[in-house]
Amino acid sequence: SRFASNKPLYRLSGGDDGSGKGHGGLSCEGCHGSTHAIWPNKNALANDNRAAEGLQGHSGTIIECSTCHEGDLGMTLKGPHGMHPVGDTYFAREHDDFAKNNRSACQSCHGIDGEGSVLSRTAADRLLQAKEDHISVSFARGTPVGCGDCHENKLRNP
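Here the working numbering is used: the first residue of the sequence shown is 93, the next is one more, and so on.
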């Protein structure tokens with residue numbers, strides 16, 4: 093089903109009061125752009141790409157928390173659609189205890205087996221800092237992020 097018709101997902105973003113306005117009172121278009129803008133446009137000069145590129149540095153849905161927020165957002169799932177902070181180094185490095193207590197929240201986007209899914213694809217090239225061994229892991233745009241990319245996959249091997 094589409095996200096807009098998925099009531100639990102829509103409610104997470106759209107608010108419990110049925111107003112259709114959730115994260116900071118924004119409507120869907122606040123992050124996703126006009127209805128047709130959700131689909132990639134290969135024309136780099138297309139208007140659908142310009143706002144996102146100007147605000148967050150890459151085309152597509154506004155997904156970078158730092159586009160609208162400053163500072164550390166902490167260990168939270170209060171982003172749009174119940175997401176964790178995207179592109180936040182602190183969350184990427186320190187999510188181990190959080191993940192142990194919120195397995196189903198991780199599985200919603202990173203997959204039941206923790207191998208990544210279409211919902212965990214990177215919106216831009218990323219360099220994530222893993223806590224273990226202080227390693228860095230590089231992801232090309234569009235790569236699904238899974239648990240085993242940086243550390244042992246505890247969703248697959250509980």
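Note that beta-carbon positions come from the ideal geometry of N, C-alpha and C, so glycine has one too.
Everything numeric in this text was worked out from a predicted model, so none of it was measured.
Label residue i either buried or exposed according to how many other C-beta atoms from any shown protein chain fall within 10 Å of its C-beta, with 16 as the threshold for buried.
i	result
Gly116	exposed
Ile154	buried
Asn141	buried
Gln148	buried
Ser126	exposed
Thr81	It is not possible to answer for residue 81, since the shown part of the chain is limited to 93 through 250.
Gly146	exposed
His202	buried
Val210	exposed
Gly166	exposed
Asp180	buried
Ala138	exposed
Ser200	buried
So, for residue i: in the same chain, excluding its five sequence neighbours on each side, which residues have a beta-carbon less than 8 Å away from its beta-carbon?
i	result
Cys123	His115, Thr153, Ile154, Ile155 and Pro172
Lys192	Lys246
Opposite residue i in the DSSP bridges: which residues?
i	result
Pro236	Arg213
For residue i, which residues of its own chain have a beta-carbon under 6 Å away from its beta-carbon, when the five flanking residues on both sides are left out?
i	result
Phe183	His176 and Pro177
Ala216	His150 and Arg233
Leu219	Ser228 and Ser230
His187	none
Cys242	Ala222 and Val229
Cys198	Ala191
Val237	Gly208 and Ser212
Starting from residue i, trace the beta strand (DSSP E) both ways and give me its first and last residue.
i	result
Leu247	Element bounds for Leu247: n/a, residue is neither H nor E.
Ser126	Note, Ser126: premise wrong, no beta strand (DSSP E); not H, not E.
Ser230	Ser228 to Phe231
Leu219	Arg218 to Gln221
For residue i, which residues in the same chain have their Cβ closer than 7 Å to its Cβ, ignoring the five residues on either side in sequence?
i	result
Thr235	Arg213 and Thr214
Asp205	Leu247 and Arg248
> What are the complete alpha helix (DSSP H) segments, minimum 4 residues, inside the stretch 144 to 206?
Replying inline: 181 to 186, 188 to 193 and 195 to 202
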